[in-house]
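Residue numbers (UniProt numbering): 1 to 177.
Right, here's the structure in full:
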């Protein structure tokens, strides 16, 4: 894994939990890590999905229907997202969740894409078996300050710092198996 130089840390906020039942991505963030460092290159966007955000979901991420009204549709940013991703390996915490949503967004617009993705939740469960392995717990454990929870941009930034710790530990290859 050390030979692969470019990673993109991915996080999304969504209208719900089930893309197969109509839930959609309303915020996406991709943070670039190159040669073990956060470069400052990133992609971040909100999306107007025309899917009503419930009060329950609003309480989680604080993104309102009104806020999203003038935001672009996913399709308007889809090529820019693919171009930014290129052939990079994506890194996500509970990667199956984000990957399902991202694949679904492209399916909706008639594109089939393939993703190379590392799931940090799976890796940290091996490092800390039987412990809580949510982003807050891990950031506390590694001394990383979380600015705002349930924001794709801030969660991706926190995860990028955690992932760099994994890269420094040189255990990534062994832990991915």
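Cβ coordinates follow ideal geometry from the N, Cα and C atoms, glycine included.
Assuming residue i contacts residue j under a Cβ cut-off of 8 Å, what Cβ separation, rounded to an integer in Å, is found between them?
i: residue 117; j: residue 36; result: With a Cβ gap of about 19 Å, residue 117 and residue 36 do not count as contacting.
i: residue 10; j: residue 90; result: 5 Å
i: residue 121; j: residue 150; result: Not quite, the Cβ-Cβ distance comes to about 16 Å (not below 8 Å), so this is no contact.
i: residue 19; j: residue 45; result: With a Cβ gap of about 18 Å, residue 19 and residue 45 do not count as contacting.
Roughly how many angstroms separate the alpha carbons of residue i and residue j, rounded to a whole number?
i: residue 161; j: residue 145; result: 10 Å
i: residue 58; j: residue 130; result: 30 Å
i: residue 15; j: residue 103; result: 16 Å
i: residue 115; j: residue 124; result: 21 Å
i: residue 79; j: residue 140; result: 36 Å
i: residue 108; j: residue 68; result: 19 Å
i: residue 32; j: residue 77; result: 18 Å
i: residue 147; j: residue 157; result: 10 Å
i: residue 62; j: residue 169; result: 35 Å
i: residue 106; j: residue 81; result: 11 Å
i: residue 41; j: residue 75; result: 22 Å
i: residue 56; j: residue 132; result: 23 Å
i: residue 126; j: residue 86; result: 29 Å
With 16 as the cutoff for other CB atoms within 10 Å, does residue i come out buried or exposed?
i: residue 21; result: exposed
i: residue 8; result: buried
i: residue 153; result: buried
i: residue 49; result: buried
i: residue 137; result: exposed
i: residue 135; result: buried
i: residue 128; result: exposed
i: residue 110; result: exposed
Give me, in chain order, the residues of the same chain whose beta-carbon lies closer than 6 Å to that of residue i; leave out the 5 immediate sequence neighbours on both sides.
i: residue 43; result: 30, 84
i: residue 12; result: 25, 28, 98, 101, 152
i: residue 38; result: 160
i: residue 6; result: 34, 88
i: residue 119; result: 95
i: residue 113; result: 106
With a threshold of 7 Å on Cβ separation, who are the neighbours of residue i within its own chain once the five nearest residues in sequence on each side are excluded?
i: residue 17; result: 23
i: residue 65; result: 52, 53
i: residue 179; result: As displayed, the chain neither begins before 1 nor continues past 177, which places residue 179 out of reach and without an answer.
i: residue 60; result: 150
Who are the near neighbours of residue i in its chain, counting only those whose CB is closer than 8 Å to its CB and skipping five residues on each side?
i: residue 70; result: 48
**Message:** Ignoring anything shorter than 3 residues, give me the beta strand (DSSP E) runs that lie fully in the region 104-129, in order along the chain.
**Reply:** 117-119
**Message:** If we require 3 or more residues per run, which beta strand (DSSP E) segments fall completely within the region 5-60?
**Reply:** 6-14, 25-34, 37-46
**Request:** Would you list, in sequence order, the uninterrupted alpha helix (DSSP H) runs of no fewer than 4 residues that lie entirely inside the region 68-102?
**Result:** 74-85
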